[in-house]
Amino acid sequence: MDTVKYREINEELFAHVGKNLEAAEAIKRPSLTYFQDASRRLKKNKVAIFSLVILSILIIMSIIGPILSASINGHTYRRQDLSQQNQTPIMSNARSIMMTANDVFSYKKYRYNFRKTKLIFTNVQLKSAGKIALKVGNQTDEAWQGDRKEYHIAIEVVKSDTWSSILQKLNNESDAILKEDPSFRGVNFEIKGSKLVVSTPGERWINKTYWFGTDEFGRDLFTRLWEGGRVSFAIAFLSVFITSIFGIIYGGISGYFGGRLDDLLMRFVEVLMTVPDMLYIILLLTVMKPGFLPIIIVLTVTSWMGTARIVRGEVMRLKHSEYVLASKGLGADSKRIIFKHLIPNTMGPIIVNMTMMIPRMIFAEAFLSFIGLGIPVPYASWGVLANQGAQIFRQFPHQLLIPGITISLTMLAFNLLGDGLRDALDPRLRK
Amino acid sequence: MLRYILKRCLYALITLWVIATITFGLMKILPGDPFNDPKLKPDVKATLIKQYGLDKSIPEQYALYMKNLMRGDLGTSLKFPGRSVTKMIQESFPKSFALGWRAMVIAVAFGLTFGIIAALNHQKVFDYFTIFIAIIGISVPSIVMGPILVYTFGVNLGWLPVTVDGTQISYLLPSLTLALGSVAFISRLMRTTTLEVLNQDYIVTAKSKGITKRKIVWSHVIRNAIMPVVTVLGPLFAALITGSIVIEKIFAVAGLGEYFVSTIFLKDYPMIMGITIFYAALIIASILMIDIIYGFIDPKLRVTGRRGR
Amino acid sequence: MRERILAVNKLQVSFNTYAGEVQAVRDVTFDLYKGETLAIVGESGCGKSVTAKSLMRLNPEPPAVIKGGEIIFENRDITNLKEKEMQRIRGSQISMIFQDPMTSLNPTMTVGRQITEGLKKHQKLTEVEAQKVAIQMLKLVQIPNAESRFKEYPHQFSGGMRQRVMIAMALVCNPKILIADEPTTALDVTIQAQILELMKELQNKIDTSIILITHDLGVVAHIAERIVVMYGGKVVEKGRSEDIFYRSKHPYTWGLLKSVPRLDIKRNAGRLSSIEGTPPDLLAPPPGCPFADRCQYAMKICRIEMPPMFEIYQLHGAACWINHPQAPTKVKEEV
């Protein structure tokens, strides 16, 4: 037995003090209302706050972006300037090169950079004598960005030539052209191991008139990106808003009345939900003429069912929950139940659902634009921009990457914010 | 169990009927009646009138349309006279299917593996890696991801072919692109359900029996965690099918999706509607199949015929 | 005295949470003898379940950490065994049944397989042999039609039947110790008695020791020979059942006893009393007696220093300063 010997203790310590219930029942946390508690939890969630910041920036830029570029550079989303087509955010006057003849060496692989100002041949081997010819400043090439001038470099190679003498000849030829015309800017030929690199020098500068470059019609991409943001956000927000209103009414009626009506309404929703919504959207849009309003209508018609289900579930749950029964028992009228219990408790899931639906709408819009059912020309939306960019991605990756990153960032931020909101608003779902 | 299957089949049939009816309705309310296009050749017009019974009343047309559908006759193309929609689907669908099943396999295999490993290593490196992959997969749409993958792995690195030529390796890039979103979705879901199961009392029970950790994972955790994932495979397949419309365009696969997009551009209405119904039927059939499979793997459903969680 | 098979010595278990270290079990000491039933009693959050799970090392580590003390079972200290060695003990030497039979069985595995699983692992039986033993065991826990029910799933069993399955599962390898963590709490009152009866019966047949974890002194009265009362992560009193029920020396135990409905004793107020207040926060446990704030007999020293375990008589001990010879004598025993 782990008992102890009695020890002498100061008599005074045995004075009776009794209970200290205040200490025993001290509540360690202050009591907060539902929304105070939720916003406190949301503020703690760094990821959600970061997403909120990103979204605010994107939305603010969509509002002021087009105004900014119109007042500084005078661009509009639809003004075309074919002489300024396909500019990049960072400009370069390096000329593109193209090999037009080669009897001299064999190579395993041939690679070029985006604007074809650098050609890389790997595993090169001298083959035989003959001709090497290159075209510099190739005018037929889409990658052209500088002045329109074309030069030809051609040399004859004989049997006795080695790599170094061949490169010498090529460099001499290039120097000769440069002497006649300094705007040629020269060509460098280098051999690195078994790799042959041909490149043209050039200066780089930041595009001051077209911040994000231009598209194939010479329209300013900065303006179009934020103009597209307006359209994409407007489509997403409006369709989610209308969807939610309809879903709340439908789900609310179904849940509130219950019984036969609920059975019927929910069976209908079930059938509609089995129908793949994308097909529906395509079908409806081929019937209506693609445009801003039809897209919103179609997206709304095909996506209210989820909201309806959630609302109906919440209403059902609340209707039978003990605290609502209790407050009914205490004589609360239906107005009080609706405003004190129903709305605060259903708002959480509805807000989360709305947040999660926005990226889906943005994605749906991009998808529709991609298959040609989106916003018609010359209007811009992120989907339209991504679609155009995808067509010439290999030459001008920025035309896809800029709208692509913007779309991805938006979807990411909304998804993360939705997760954060769910954690904050619906503690039951936390784990 | 039999009752459950019959009920599911009935639902599937009703859904299909609803879609067919909606499609028919849309055909009738088309603003510019495509069948009265003045540019239409008279012989084409004659076939159309015969096919759709355009000279008869609307209820009769509906009956005729339904009869045709039940025989598997989806109509005839407007722009390619004499070619039936069924024939076109027969030609192009196998290519889409070749892409689709590969994407499905990739999505399920990687999604489940990632999700399970992430959950078992909760809040460790692999878990964060999976969350990262899932976020990328959910946030970057395939219309952006596709071209980037094509450029990086196809053009720049030259590791993978960028167009489908029928060889196994050529399917890799398009099916990977198609599967990426679903990999993200499944791994996220599987991670959540696995974490949930790991917190269940019966896992402690299994542990209290002295069973090894590996055996607990194999015979207790995965089996239970996979159940909710099975239920989403149907809708997931639907997402892959509609997703392939975009992928086929990016990778120039002459499949049904690519074909569908071109018919939209050509405003070939009977084609659009025929393909829509075919897609819908396909998706409904796959959802039905998943439902029946679920019925077999859920002991509660197998015994009582009622779904319970 | 009977053979001692388990000795828990100054066991300390903590949970590392975001808020800090929760000291769930603090210096818990008790013994278990062969064939006896020991009850650990206390309100929720007193550390009784954590103590029980520590005996099988079933607390998830992390966040749980055994900070100190030892658990001696068969001359080995369980607290520093490797996971593999622990697995050999779990289910075969020590096994456990849990509070909620509705969630403690795997819903997607047949009841039979869940029983044979442990058998195959510990006794290296073949499938057929294991099945035989398992069906025998199901009969032993009085499940009708054992052969056919063997192939059924947990959802086809009622709560009481499931708890029988849990008992069968726990006892199938003839363990030396059975830990029952609130085995009847989730069951109907009529079924509770049946399950307790069954456990008692099987204990005599198999000769295992039982550690019964419960908050319900009423349950304990039927079945336990000795009782350990826990409060705020500490053992506050322990002794034979009679000692605890009739000669308790701790105000907390008095409070517990008063809150048990009884017909045999007339009470002045004629109604059940409860202990006012809430247990201490184990994130920052008080330096003195954890019960001091709720104790009507509290003295100055109770707030300052944790009372040691005073030996009352043989196995009976109580950790309360009123048992100190210098304490004022006006505090009388209450029943």
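Protein chains in written order, with our numbering: chain A, 6 to 436; chain B, -3 to 305; chain C, 17 to 351. Cβ coordinates follow ideal geometry from the N, Cα and C atoms, glycine included.
### Task
Only counting runs of 3 or more residues, tell me where the beta strand (DSSP E) segments fall wholly within the segment 204 to 232 of chain A, in order along the chain.
209 to 211
### Query
How many Å lie between A:LEU57 and B:LEU156 at the Cα?
As a working mapping, residue 57 of chain A is identified with position 52 in the first sequence. As a working mapping, residue 156 of chain B is identified with position 160 in the second sequence. One C-alpha to the other measures close to 39 angstroms.
### Message
Are there any heavy atoms of the ligand GDP lying less than 6 angstroms away from the beta-carbon of C:HIS332, as far as the coordinates show?
### Response
Here there are no bound small molecules, and the ligand GDP is not part of this structure.
### Task
With 7 angstroms as the C-beta to C-beta threshold (strictly closer), list the residues of the segment 71 to 104 of chain C near chain B in chain order.
MET72, LEU74, GLN103, ARG104
### Task
Let me know the secondary structure DSSP gives C:ASP47 once reduced to three states.
Within the third sequence, the letter at position 31 stands for residue 47 of chain C. Correct three-state label for C:ASP47: strand.
### Task
Take the Cβ of B:MET296 as the centre, count every other Cβ of all protein chains shown within 10 Å, and call the residue buried at 16 or more, exposed below.
Position 300 of the second sequence, counted from the start, is the residue given in the question as residue 296 of chain B. Here residue 296 of chain B is Lys; the residue named in the question, Met, does not match the sequence. With 16 or more Cβ atoms within 10 Å of its Cβ, B:LYS296 is classed as buried.
### Message
Against C:CYS311, what residues of chain A qualify as contacts under a CB-to-CB distance less than 7 angstroms, listed in chain order?
### Response
Numbered from 1 along the third sequence, position 295 holds the residue referred to as residue 311 of chain C. What C:CYS311 touches in chain A: LYS24.
### Query
Is C:VAL205 buried or exposed, if buried means 16 or more other CB atoms sit within 10 Å of its CB?
Here residue 205 of chain C corresponds to residue number 189 of the third sequence, with the count starting at 1. It is exposed - the Cβ of C:VAL205 has fewer than 16 other Cβ atoms within 10 Å.
### Query
Should B:GLY206 be flagged as near chain C, meaning a C-beta pair shorter than 7 angstroms?
For the purposes of this step, residue 206 of chain B is taken as the residue at position 210 of the second sequence. Yes - at least one Cβ of chain C is within 7 angstroms of the one on B:GLY206.
### Query
Of all the options B:SER80, B:LEU(-2), B:LEU95, B:MET66, which has the alpha carbon lying nearest to the alpha carbon of B:ILE268?
Locating residue 268 of chain B in the second sequence gives position 272, counting from the first residue. Ranking B:SER80, B:LEU(-2), B:LEU95, B:MET66 by Cα distance to B:ILE268 puts B:SER80 first.
### Query
Is the CB-CB distance between A:GLY218 and A:TRP387 below 7 angstroms?
Counting from 1 along the first sequence, the entry for residue 218 of chain A is found at position 213. Counting from 1 along the first sequence, the entry for residue 387 of chain A is found at position 382. Going by beta carbons, A:GLY218 and A:TRP387 fall outside the 7 angstroms limit.
### Task
Within the same chain, show all residues whose beta-carbon is closer than 8 angstroms to that of B:SER138, passing over the 5 residues directly before and after it, in chain order.
Here residue 138 of chain B refers to the residue found at position 142 when the second sequence is read from its first residue. Around B:SER138: THR173, LEU174, LEU176, GLY177, GLY239, VAL242, ILE243, ILE246.
### Task
Locate the beta strand (DSSP E) running through C:LEU228, then write down its first and last residues.
As a first step, residue 228 of chain C must be located in the third sequence, where it is residue number 212. Run containing C:LEU228: 225 to 230, per the beta strand (DSSP E) assignment.
### Query
Is there a Cβ from chain C that is less than 7 angstroms from the Cβ of A:LEU47?
Looking up residue 47 of chain A in the first sequence gives position 42. No, because no Cβ of chain C sits closer than 7 angstroms to the Cβ of A:LEU47.
### Message
Any beta carbon of chain C sitting closer than 7 angstroms to that of A:ALA20?
### Response
For this step, residue 20 of chain A is matched to residue 15 along the first sequence. It does: the Cβ of A:ALA20 has a partner Cβ on chain C nearer than 7 angstroms.
### Rounded Cβ spacing between A:ASN392 and A:SER374 (contact assumed at less than 8 angstroms)
The sequence position of residue 392 of chain A within the first sequence is 387, counting from 1. The sequence position of residue 374 of chain A within the first sequence is 369, counting from 1. Going by Cβ atoms, the distance from A:ASN392 to A:SER374 rounds to 5 angstroms, so yes, they are a contact pair.
### Query
What runs of the beta strand (DSSP E), each 3 residues or longer, lie entirely inside the segment 168 to 199 of chain C?
193 to 197
### Query
Would B:ILE279 count as contacting chain A if we go by Cβ distances under 7 angstroms?
Position 283 of the second sequence holds residue 279 of chain B. Closer than 7 angstroms to some Cβ of chain A, the Cβ of B:ILE279 qualifies, so yes.
### Task
May I ask you to list the residues that DSSP assigns as paired with A:LYS136?
On the first sequence, position 131 is the one that residue 136 of chain A refers to. Per the DSSP secondary-structure output, A:LYS136 pairs in a beta bridge with A:GLU161.
### Task
Look at the Cβ atom of A:LYS164, then the Cβ atom of A:ALA134, and state whether they are nearer than 7 angstroms.
Counted from its first residue, the first sequence places residue 164 of chain A at position 159. Counted from its first residue, the first sequence places residue 134 of chain A at position 129. Between A:LYS164 and A:ALA134, the gap from beta carbon to beta carbon is short of 7 angstroms.
### Message
Please classify C:GLY107 as buried or exposed, where buried requires at least 16 neighbouring CB atoms within 10 angstroms.
### Response
Looking up residue 107 of chain C in the third sequence gives position 91. Buried is the call here.
### Query
Taking contact to mean at least 3 C-beta pairs separated by less than 8 angstroms, is the segment 332 to 343 of chain A in contact with the segment 351 to 370 of chain A?
no
### Task
Could you pull out every unbroken alpha helix (DSSP H) segment of at least 4 residues lying fully inside the segment 252 to 336 of chain C, listed in chain order?
Along the segment 252 to 336 of chain C, the alpha helix (DSSP H) occurs as fully enclosed runs of 4 or more residues at 257 to 262, 267 to 274, 316 to 320, listed in sequence order.
### Message
If you reduce the DSSP assignment to three classes, tell me which class A:LYS114 lands in.
### Response
Residue mapping note: residue 114 of chain A aligns to position 109 of the first sequence, counting from 1. Annotated three-state conformation of A:LYS114 is strand, per DSSP.
### Query
Under the three-state reduction of DSSP, which class applies to B:GLY250: helix, strand or coil?
Position 254 of the second sequence, counted from the first residue, corresponds to residue 250 of chain B. This sequence places Ala at residue 250 of chain B; Gly is not what is there. It is coil, neither helix nor strand.
### Query
Which class does C:LEU54 belong to by DSSP, given the choice of helix, strand or coil?
Reading the third sequence from its first residue, position 38 is the one you call residue 54 of chain C. DSSP places C:LEU54 in strand when its eight states are reduced to three.
### Local Cβ density within 10 Å of C:TYR313, reported as buried at 16 or more and exposed below that
For the purposes of this step, residue 313 of chain C is identified with residue 297 of the third sequence, where counting begins at 1. C:TYR313 counts as buried, since no fewer than 16 other beta carbons sit within 10 angstroms of its beta carbon.
### Query
the segment 126 to 159 of chain B: which residues have C-beta closer than 7 angstroms to a C-beta of chain A, in chain order?
ILE131, ILE134, SER135, VAL136, PRO137, ILE139, VAL140, PRO143, TYR147, VAL151, GLY154
### Query
Do you know offhand how far C:VAL57's Cα is from C:THR230's?
Locating residue 57 of chain C in the third sequence gives position 41, where the first residue counts as 1. Locating residue 230 of chain C in the third sequence gives position 214, where the first residue counts as 1. Those two C-alpha atoms are separated by around 5 angstroms.
### Query
Mapping DSSP to helix, strand and coil, what is C:GLN28?
Position 12 of the third sequence, counted from the first residue, corresponds to residue 28 of chain C. C:GLN28: strand per DSSP, three-state reduction.
### Task
Would you check if the distance between the CB atom of C:PRO301 and the CB atom of C:GLN39 is smaller than 7 angstroms?
Start at 1 with the first residue of the third sequence, and residue 301 of chain C comes out as number 285. Start at 1 with the first residue of the third sequence, and residue 39 of chain C comes out as number 23. It is a contact, given that the beta carbons lie within the stated cut-off.
### Task
May I ask you to verify whether the segment 419 to 426 of chain A touches the segment 247 to 261 of chain B, counting CB pairs closer than 8 angstroms and requiring at least 3?
no
### Task
Kindly indicate which three-state DSSP category A:SER101 falls into: helix, strand or coil?
Within the first sequence, numbered from 1, the residue matching residue 101 of chain A stands at position 96. In this structure, A:SER101 counts as coil in the three-state DSSP scheme.
### Task
Express the C-alpha separation of A:ILE59 and A:ALA53 in angstroms, rounding to a whole number.
Counting from one through the first sequence, the residue named residue 53 of chain A turns up at place 48. Counting from one through the first sequence, the residue named residue 59 of chain A turns up at place 54. Their Cα atoms are separated by approximately 10 angstroms.
### Query
If you count every other CB in all the chains shown that lies within 10 Å of the CB of A:TYR117, and 16 or more means buried, which is it?
Along the first sequence, one-based indexing puts residue 117 of chain A at 112. Label assigned to A:TYR117: buried.
### Query
Are the beta-carbon atoms belonging to C:GLY9 and C:PRO295 less than 7 angstroms from one another?
This structure gives no information on residue 9 of chain C, because the portion of chain C shown stretches from 17 to 351.
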